[in-house]
Every structure is written in structure tokens, then in C-alpha cells.
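Engineer:
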Amino acid sequence: MYAYVARRLLLIPVTLFGIMVSNFIFAQLAPGGPVEQMLAKVRGQAVSATARISGDVGKEAAGSTGGAAGGPVSKYRGARGLDPKFIAELEHQYGFDKPPLERFAIMLGNYARLDFGKSFYRDESVVDLVLDKLPVSISLGLWSTIIIYLVSIPLGIAKAVRDGSRFDLASSWVIVVGNAVPSFLFAILLIVLFAGGRFLSIFPLRGLHGDGWQSLSLIGQVGDYFWHLALPVSSLVIGGFATLTMLTKNCFLEEVTKQYVVTARAKGLSERRVLYGHIFRNAMLLVISGFPAVLVGILFGGSVLIETIFSLDGIGLLGYESLINRDYPVVFGTLFAFSLIGLLLNLISDLTYHFVDPRIDFATRG
7 MYAYVARRLL LIPVTLFGIM VSNFIFAQLA PGGPVEQMLA KVRGQAVSAT
57 ARISGDVGKE AAGSTGGAAG GPVSKYRGAR GLDPKFIAEL EHQYGFDKPP
107 LERFAIMLGN YARLDFGKSF YRDESVVDLV LDKLPVSISL GLWSTIIIYL
157 VSIPLGIAKA VRDGSRFDLA SSWVIVVGNA VPSFLFAILL IVLFAGGRFL
207 SIFPLRGLHG DGWQSLSLIG QVGDYFWHLA LPVSSLVIGG FATLTMLTKN
257 CFLEEVTKQY VVTARAKGLS ERRVLYGHIF RNAMLLVISG FPAVLVGILF
307 GGSVLIETIF SLDGIGLLGY ESLINRDYPV VFGTLFAFSL IGLLLNLISD
357 LTYHFVDPRI DFATRG
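The opening residue of the sequence shown carries number 7 in our numbering; numbering runs sequentially from there.
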């Protein structure tokens with residue numbers, strides 16, 4: 007098993023390299039690079055992604071290096087009538103005065119030294135930005151995943167035990183709705199109902215804590231933290247519990263028909279002892295070991311939209327704003343962070359399989 011873990015760890019840099027190559031190539035093909043973004047701002051034609059979301063115009067460009075595709079000066083939108091020397095200064099400022107391959111080689115060399123550069127539009131390094139925003143995304147993903155498991159496993163077991171009953175049929179309708187409606191629609195509905203929409207104004211709409219949070223006691227800070235997380239986490243839970251519930255039910259139903267369950271019942275064991283003493287461990291193999299994979303799905307899927315809707319300043323919202331503004335150092339930095347976390351969590355998922363059931367040994371696979 008140690009050899010398998012070592013191979014997986016050695017594959018992570020190779021996989022990250024492939025991801026960065028793909029992202030860099032796509033950036034070359036994307037229209038409207040940072041030079042064009044700045045030219046549009048100079049002409050007063052641009053509105054930043056932050057302004058689109060919150061109504062506040064973002065900061066102007068700060069000097070930095072890094073980036074992606076840039077074309078000849080004549081191909082820049084909005085360059086007509088401007089001094090070519092000014093265009094050349096912008097290219098040098100954003101690092102676009104070098105060929106794409108050279109820029110990519112410089113970027114890889116910097117990444118090898120864990121130097122991700124500085125944002126084009128924020129006077130901060132990419133590492134500081136990611137570390138500042140990452141706790142928000144981790145809070146959403148971690149608490150949502152834990153609550154999804156706490157809801158889905160008991161509900162799935164109850165549906166398996168009462169298979170075909172009225173409870174099973176009624177809960178199936180709830181699951182169908184939860185599976186069909188995306189999380190961001192639930193988020194909008196919760197805002198309308200409970201966050202100052204047309205009805206109640208119980209929960210706050212943005213941020214992870216309110217004004218004066220630092221002056222509160224420890225209990226008050228914890229309460230304020232969960233009060234702000236209530237709606238975004240609820241929207242992720244409502245939109246994500248359906249699949250895990252059905253997986254739990256199907257795993258239990260599959261185990262119920264196996265010979266060891268028949269033998270246990272023939273020995274006179276109670277249904278509760280058979281269910282939790284024999285079936286539970288085997289049925290929970292796929293469910294428990296899939297915890298890291300579920301966390302990956304929530305972090306990289308629904309949380310981006312949820313952060314945008316609830317104005318949570320997390321890494322998903324940071325990546326979205328950076329992509330809209332063509333802030334390539336931040337775009338590549340957030341993609342690198344997402345990719346690295348995803349690869350590590352997938353490895354943890356495989357190790358969890360082996361921990362739950364030692365009979366599963368990935369090292370023996372051909």
C-alpha cells in the first residue's frame with residue numbers, strides 16, 4: 007500500500023503539469039486579455055466582475071507579471087488612437103512582451119518555487135489572496151458535507167428498512183425534487199423566504215460574520231458564524247443529499263439478500279442486531295469511503311454559485327471575478343489550488359476505502 011501511495015504522490019506533479027498546460031492553452035484562445043481589459047478601462051468602457059455582483063467598481067490595475075495570451079498591438083480591441091509606446095508599456099507591465107512559450111516556462115519556474123506572482127488588479131500576492139479566501143470555501147464544503155451525511159445515511163437506512171412503504175414513497179418524492187432542482191435555485195428561494203425578500207428577514211444575506219464580531223464572546227462568535235452559514239449551507243444540503251440517500255438505500259438493499267444475512271437471521275438474531283451488527287459495515291463501505299469525493303464535488307461545483315449568490319468572499323468567487331477580469335495570475339493560482347486539493351482528496355478517498363475494508367488493496371491491481 008505504501009508503494010501505491012508513493013506512486014500516486016509522484017503522479018500529482020505530472021497531473022498538475024497537464025492541467026496547467028491545458029489552462030494556459032485555453033487562456034491563449036480566450037478573447038479579451040488583461041491588456042484589452044486595461045485599454046477598455048482607459049476608455050471608460052469596462053465594469054469589473056465585482057461591480058457586476060455587488061455594485062462596487064473594482065480597483066484599477068497594479069503592476070505585476072505573469073499571464074496568458076497576448077496578440078500583436080494591432081489586434082488589441084480599443085487600441086486605435088492610443089500611443090503605441092503606451093501599449094508597449096502595458097504589455098511589459100503584464101508580462102506580454104515575451105512569447106507564449108517563454109511566459110509559460112517562466113510561470114512553471116515560479117510555481118516550482120511556490121511563487122504564484124501578484125494579482126493584476128489587487129495589490130496582493132496570489133498566495134495571500136488564496137489563503138485569505140480558502141477558509142470560506144472550506145467552511146461551506148466541510149459543513150455541507152457533514153450535514154449531508156448526517157441526513158442521508160439515517161434516511162437511506164430508514165428507506166431500505168421500509169422499502170415500498172408509504173414513508174419510502176413519500177420520501178422518494180422529496181429526493182426527486184432535491185435531485186432535480188440545483189442548489190442555486192434553492193439558495194434564491196431561501197433568500198426570498200428568509201433573508202429579506204418578500205417574506206421574512208431572519209438570516210443575513212452576505213459574509214461569514216456581522217459587524218462587531220470581534221467584540222462578541224466566543225459563544226457569540228460561534229453563534230454568529232453559524233447564523234451566517236445557515237442559508238448557504240442549507241441550500242447546498244438540500245441540493246446534495248438526494249444522491250447519497252439513494253446510494254445508502256441501494257447498498258443496504260443489496261446486502262440484505264446476501265447469504266450471511268440469511269444465516270444471521272436463522273441464528274435468531276434480532277433485526278436490529280442483523281442490521282447494525284452485520285449489514286451496516288459492508289453497506290457503508292461505498293458511502294463512508296466516498297466522503298472525500300463528495301467534499302470535492304461540493305467545493306468545486308455548487309459552492310462557486312453559492313458564494314456568488316450570498317456574497318461570500320471565498321476562493322470560488324475569487325476565481326470567478328478573476329476569470330471575468332482576466333486576472334490570469336489569480337486564475338491560474340486558484341485553479342492550481344483547486345486541482346491540488348482535488349488530487350489529494352481523491353488519494354484520501356482511495357485510502358479510506360482500504361481503511362474501511364482492508365480486503366481492498368489498490369496496490370495489487372494490475
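Think of the CB as a built atom: it goes at the ideal place given N, C-alpha and C, for glycine as much as any other residue.
Check residue 125 in the structure and name its three-state DSSP category.
Structural biologist: coil
Engineer: With DSSP run on the structure shown, which of helix, strand or coil describes residue 201?
Structural biologist: strand
Engineer: Relative to the C-alpha of residue 286, which residue among 267, 274 and 301 is closest?
Structural biologist: With distances taken between Cα atoms, residue 286 lies closest to 267.
Engineer: Taking residue 41 and residue 97 to be in contact with their CB atoms under 8 Å, please state how far apart those CB atoms are, rounded to whole angstroms.
Structural biologist: 6 Å
Engineer: Check this for me: beta carbons of residue 323 and residue 189, under 8 Å apart or not?
Structural biologist: no
Engineer: In whole angstroms, give me the CA-to-CA distance for residue 208 and residue 219.
Structural biologist: 18 Å
Engineer: Is it the case that the Cβ atoms of residue 213 and residue 234 are separated by a distance below 8 Å?
Structural biologist: yes
Engineer: Figure out for me which residue from 20, 316, 18 and 347 has the closest Cα to the Cα of residue 198.
Structural biologist: Restricting attention to 20, 316, 18 and 347, the CA atom closest to the CA of residue 198 is found in 316.
Engineer: Are three or more beta carbon pairs between the region 152-167 and the region 252-265 nearer than 8 Å?
Structural biologist: yes
Engineer: Could you check the C-alpha separation between residue 231 and residue 134 for me, to the nearest Å?
Structural biologist: Cα-Cα distance, rounded: 22 Å.
Engineer: So is residue 160 buried or exposed if we call it buried at 16+ other beta carbons inside 10 Å?
Structural biologist: exposed
Engineer: Unbroken alpha helix (DSSP H) runs of length 4 or more, entirely within the region 166-237: which are they?
Structural biologist: 172-186 and 189-200
Engineer: Spatial neighbours of residue 136 within its chain, please: C-beta separation below 7 Å, excluding the five flanking residues on both sides.
Structural biologist: 321, 339, 340 and 343.
Engineer: Compute the beta-carbon to beta-carbon distance between residue 345 and residue 22, rounded to the nearest angstrom, for a pair I have assumed lies under 8 Å.
Structural biologist: 6 Å
Engineer: How do the region 168-185 and the region 246-254 stand: do at least 3 beta-carbon pairs fall below 8 Å, yes or no?
Structural biologist: yes
Engineer: Give the single residue among 244, 38 and 27 whose Cα lies nearest to the Cα of residue 112.
Structural biologist: 27
Engineer: For residue 35, which of 265, 106, 157 and 139 has the nearest alpha-carbon?
Structural biologist: 106
Engineer: Taking contact to mean at least 3 C-beta pairs separated by less than 8 Å, is the region 113-132 in contact with the region 327-337?
Structural biologist: Touching, per the Cβ criterion.
Engineer: Report the partner residues of residue 131 according to the DSSP bridge assignment.
Structural biologist: 124
Engineer: Provide the residue span of the alpha helix (DSSP H) that contains residue 117, from first to last.
Structural biologist: 106-118
Engineer: Should residue 349 and residue 18 be called a contact, given that it needs their Cβ atoms to be closer than 8 Å?
Structural biologist: yes
Engineer: Work out the CA separation of residue 102 and residue 38 for me, nearest whole Å.
Structural biologist: 13 Å
Engineer: What does the Cβ neighbour count give for residue 139, buried or exposed, with the cut at 16 atoms within 10 Å?
Structural biologist: That one is buried.
Engineer: For residue 325, which of helix, strand or coil comes out of DSSP?
Structural biologist: helix
Engineer: Is it buried or exposed for residue 313, if we count other Cβ within 10 angstroms and need 16 for buried?
Structural biologist: By the 10 Å Cβ count, residue 313 comes out buried.
Engineer: With residue 332 as the anchor, note down where its alpha helix (DSSP H) starts and where it stops.
Structural biologist: Here residue 332 belongs to no alpha helix (DSSP H), and DSSP marks it neither H nor E.
Engineer: Can you give me the start and stop residues for the alpha helix (DSSP H) that residue 26 sits inside?
Structural biologist: Element bounds for residue 26: 8-35.
Engineer: By the 10 Å Cβ neighbour count, where 16 or more other Cβ atoms means buried, how is residue 269 classified, buried or exposed?
Structural biologist: exposed
Engineer: Checking 8 Å against the spacing of the C-beta atoms, do residue 318 and residue 238 come in under that value?
Structural biologist: Taking 8 Å as the cut-off, the beta carbon of residue 318 is found closer than this to the beta carbon of residue 238.
Engineer: Which value, in whole angstroms, describes the spacing of the CA atoms of residue 355 and residue 291?
Structural biologist: 11 Å
Engineer: To the nearest angstrom, how far is it from the Cα of residue 31 to the Cα of residue 226?
Structural biologist: 48 Å
Engineer: Within a Cβ cutoff of 7 Å, which residues of the same chain sit near residue 336, ignoring the five residues on either side of it in sequence?
Structural biologist: Cβ-Cβ distances below 7 Å link residue 336 to 125, 132, 135, 324 and 328 in the same chain, with the five nearest sequence neighbours on each side left out; the list follows chain order.
Engineer: Please list, in chain order, all residues of the same chain as residue 289 whose beta carbon is under 6 Å from its beta carbon, the five residues on each side excluded.
Structural biologist: 257, 258 and 261
Engineer: When the Cα atoms are used, what is the spatial distance from residue 332 to residue 177?
Structural biologist: 45 Å
Engineer: Have a look at residue 156 and residue 364 and give me their C-alpha separation to the nearest angstrom.
Structural biologist: 25 Å
Engineer: Cβ of residue 150 within 8 Å of Cβ of residue 196?
Structural biologist: no
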